[in-house]
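Under our numbering, the residues of the sequence shown are numbered 26 to 456, in order. By construction, the Cβ of each residue, glycine as well, lies at the ideal position given by its N, Cα and C atoms.
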Amino acid sequence: MKIELPNQSYKYITENSQECDAQTAFVLTTQNEKYKEDALKNGAHSIVPIKEVRSLFGLDKIKIVGITGTNGKTTTASAIYSFLLDLGYKAAMQGTRGLFMNDEVVEGKTLTTPSVLNTYRHIYQAVEAGCEFFIMEVSSHAIVQKRVEGIDFELKILTNITQDHLDYHKTLGEYIAVKNSFFEDDGKKLINKDEAKASFNISKAYTYGIENPATYRLMAYSLNNATSGIIQHFQEIVPFTASLHGFFNLYNLMAAISATHLLTGKKLEEVADVVDNFAGVSGRMEQVCEVPNVIVDFAHTPDGMQQVLNALREKELLVVFGAGGDRDREKRPLMGKIAVSLAKKVYITSDNPRYEDPQLIVDDILSGIEDRSNVVVELNRKRAIELALDEQGEEEVVVILGKGDENYQIIYDKKLPFDDREVVRELLHLK
Numbered sequence: 026m027k028i029e030l031p032n033q034s035y036k037y038i039t040e041n042s043q044e045c046d047a048q049t050a051f052v053l054t055t056q057n058e059k060y061k062e063d064a065l066k067n068g069a070h071s072i073v074p075i076k077e078v079r080s081l082f083g084l085d086k087i088k089i090v091g092i093t094g095t096n097g098k099t100t101t102a103s104a105i106y107s108f109l110l111d112l113g114y115k116a117a118m119q120g121t122r123g124l125f126m127n128d129e130v131v132e133g134k135t136l137t138t139p140s141v142l143n144t145y146r147h148i149y150q151a152v153e154a155g156c157e158f159f160i161m162e163v164s165s166h167a168i169v170q171k172r173v174e175g176i177d178f179e180l181k182i183l184t185n186i187t188q189d190h191l192d193y194h195k196t197l198g199e200y201i202a203v204k205n206s207f208f209e210d211d212g213k214k215l216i217n218k219d220e221a222k223a224s225f226n227i228s229k230a231y232t233y234g235i236e237n238p239a240t241y242r243l244m245a246y247s248l249n250n251a252t253s254g255i256i257q258h259f260q261e262i263v264p265f266t267a268s269l270h271g272f273f274n275l276y277n278l279m280a281a282i283s284a285t286h287l288l289t290g291k292k293l294e295e296v297a298d299v300v301d302n303f304a305g306v307s308g309r310m311e312q313v314c315e316v317p318n319v320i321v322d323f324a325h326t327p328d329g330m331q332q333v334l335n336a337l338r339e340k341e342l343l344v345v346f347g348a349g350g351d352r353d354r355e356k357r358p359l360m361g362k363i364a365v366s367l368a369k370k371v372y373i374t375s376d377n378p379r380y381e382d383p384q385l386i387v388d389d390i391l392s393g394i395e396d397r398s399n400v401v402v403e404l405n406r407k408r409a410i411e412l413a414l415d416e417q418g419e420e421e422v423v424v425i426l427g428k429g430d431e432n433y434q435i436i437y438d439k440k441l442p443f444d445d446r447e448v449v450r451e452l453l454h455l456k
C-alpha cells in the first residue's frame with residue numbers, strides 16, 4: 026500500500042519493500058526492518074523511520090485511546106465511541122469490526138490492530154474528518170510486534186487478562202507480561218482494579234472496579250431485564266441504565282464511562298445520561314430470535330464463555346460451540362469443562378478449523394469433559410445448530426458461541442460464507 030504525502034521530497038511512502046521506487050520512500054518499522062536492504066535494492070527514494078512521519082499523519086492533532094485485554098476490547102471501544110458521539114464530539118474507532126468515523130463505516134473488518142502505517146493512515150483520515158478522538162483496540166500480537174510504535178496515547182485502558190493466544194505467546198506468564206508491558210510508561214492509564222494479574226506504572230493511573238476500591242467504583246447494580254448501576258467517583262455518586270446484559274458487561278460499561286469522563290472532563294452525570302443510548306455490539310450477546318430464544322456471541326476463550334453462560338444461568342441452556350484451528354490448544358479442554366458445567370446440553374462442532382483436523386480439535390475439547398451424557402458431537406456447524414434448535418424446549422435458550430458477527434468460516438486458508446445468525450434465521454424460516 027502506497028500513501029501519497031504532499032510537500033515532501035518523495036511522492037509516496039510505503040512499508041512494503043516491493044513497492045519501493047525512485048518516488049517512494051520506505052517507512053522503517055520494527056516489523057519490517059529486516060526488509061530494509063530489499064527496499065534499497067528496489068530503488069527506494071529514501072529510508073524514513075516511522076517516528077519521523079508521525080507528524081505528517083497528524084498524530085499530534087488528535088487524542089488517541091488504546092484498549093487492550095483478553096475480552097471486552099470491542100464492546101468497550103464501541104461504547105466509548107458511542108458515548109463521545111452522543112456528547113457531541115467527533116470520533117473515530119478502529120478495531121476488529123473495522124474503521125468507523127463519525128457514526129459511519131469507513132472500512133470493513135480487519136485485524137484487531139492493523140500494521141503501523143495502516144493505523145497512521147486511519148488516524149490521518151480521522152484528523153481530516155475533524156475527529157477529536159481516535160479509539161483503537163490493541164491486541165497482544167500488536168504489542169509484541171510493535172504495531173503501535175510512534176503513537177502517543179492520551180489514555181490506555183486494560184479490560185482484563187485471561188487465557189488466550191498461547192499458540193503465539195507459548196505460556197500464560199508470557200501473555201500476561203505482554204499485556205502489562207503496555208502500561209509501563211508514565212502516560213495516563215485506566216486499569217480494571219479487580220484484575221489481579223494487572224501490573225502497571227502507578228504514574229497517572231486511574232482505576233475502575235466492582236469488588237475493590239477504585240477511582241471509579243460501582244457501588245450497586247441490578248441485572249434484571251437490562252442493566253442499571255450507581256457509580257461513585259470521589260464525592261460524585263451517579264446512577265446509569267443500559268440495555269446490555271450480563272455481569273461482564275458491567276465492567277465494559279464501567280471502563281467506557283470512566284474513560285469518557287477522563288477524556289472529556291464532562292460531569293460524570295452527563296456521561297451517565299448517554300449510556301442507555303448504546304445498544305451494544307453486533308454478535309456480542311446478540312438475540313437473533315426471541316421465540317424461540319436464540320443468542321449468538323463471539324466468546325471463544327474459557328473466561329469469555331463462562332462470562333456469557335453465567336449471564337444466562339437462570340435459563341436452561343443448549344450450547345453450540347467449537348474452537349479455532351491452529352490456535353491455543355490448551356484452552357480447548359477448559360472450554361469443554363465450562364460448557365458442560367453451565368449448560369443443560371452441549372453440541373460440540375467445528376469453528377474455524379483452518380488447517381487442523383476438526384475431529385482432533387473436538388477431541389481436545391472432549392478431553393476436558395468427564396460426563397459426556399449430555400454432549401453431542403456434530404462437525405457440520407449448520408447441522409449442529411439445527412440439532413440444538415430441533416431439541417430446544419419452550420423455556421430453553423440456544424446459545425451459539427465462538428463466531429459472533431463473523432460472516433465466514435475458515436477452512437484451510439479459504440473464507441467460506443457462514444454466519445451463525447443467518448443460519449438460525451434460515452432454519453427458523455425468519456427470512
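Counting only runs that start and end inside the segment 263 to 333, the beta strand (DSSP E) elements of at least 3 residues fall at 311 to 314 and 318 to 322.
The three-state reading of DSSP puts Y106 in helix, counting H, G and I together. Contact annotation: T93 and T184 have beta-carbon atoms nearer than 9 angstroms. Counting along the chain, the unbroken beta strand (DSSP E) around V400 starts and ends at V400 to V402.
Under the three-state reduction of DSSP, K370 is assigned to strand.
Distance from F265 to S253 at the Cβ level is roughly 7 angstroms; contact confirmed, criterion being Cβ atoms closer than 8 angstroms. Of the candidates E420, I320, P383 and A50, the residue whose Cα lies closest to the Cα of L404 is P383. The three-state secondary structure of G91, taken from DSSP, is strand. Remark: C-beta atoms of V422 and L343 approach each other more closely than 9 angstroms. When rounded, the separation of the alpha-carbon atoms in Q43 and R146 is 19 angstroms.
Comparing alpha carbon positions, the residue from K407, A413, G361 and D376 closest to I390 is G361. When C-alpha distances from E77 are compared across V52, D111 and I87, the shortest belongs to V52. Of the residues assessed, H325 falls on the buried side of the cut-off, its CB having 16 or more other CB atoms within 10 angstroms.
Within 10 angstroms of the beta-carbon of D351 lie fewer than 16 other beta-carbons, which makes it exposed. A straight line joining the alpha-carbon of S206 with that of H166 spans about 12 angstroms. Going by DSSP, R242 is part of the beta strand (DSSP E) stretching over Y241 to S247.
In the three-state DSSP reduction, N217 falls in the strand class (E or B). For H147, the enclosing alpha helix (DSSP H) covers residues V141 to E153. By the Cβ criterion, the segment 317 to 331 is not in contact with the segment 138 to 158, since fewer than three pairs of Cβ atoms, one from each stretch, lie closer than 8 angstroms. Between the alpha carbons of E236 and P442 lies a gap of roughly 42 angstroms. Counting C-beta pairs closer than 8 angstroms gives three or more between the segment 152 to 170 and the segment 108 to 127, which meets the contact rule.
Beyond the five residues adjoining it in sequence on each side, E381 comes within less than 6 angstroms, by CB distance, of G350 and D351 in the same chain, given in chain order. Boundaries of the beta strand (DSSP E) around H258: T252 to H258.
For the pair K222 and I186, the CB atoms are nearer than the 9 angstroms cut-off. Bridge partners of P442 according to DSSP: Y433. The residues S42, F51, L53 and I72, in chain order, have a CB closer than 8 angstroms to that of K61 in the same chain once the five nearest residues on each side in sequence are set aside. T49 is the residue among T49, N274 and V313 whose C-alpha sits nearest the C-alpha of P31.
Here DSSP, grouped into helix, strand and coil, assigns I201 to helix.
In the three-state scheme derived from DSSP, where H, G and I count as helix and E and B as strand, D415 is classed as helix. Counting only the Cα atoms, I216 lies some 6 angstroms from Y231.
K356 is classed as buried because its beta carbon has at least 16 other beta carbons within 10 Å across all chains shown. Remark: C-beta atoms of L452 and E411 approach each other more closely than 9 angstroms. R397 is positioned such that its CB atom lies no closer than 9 angstroms to that of T374.
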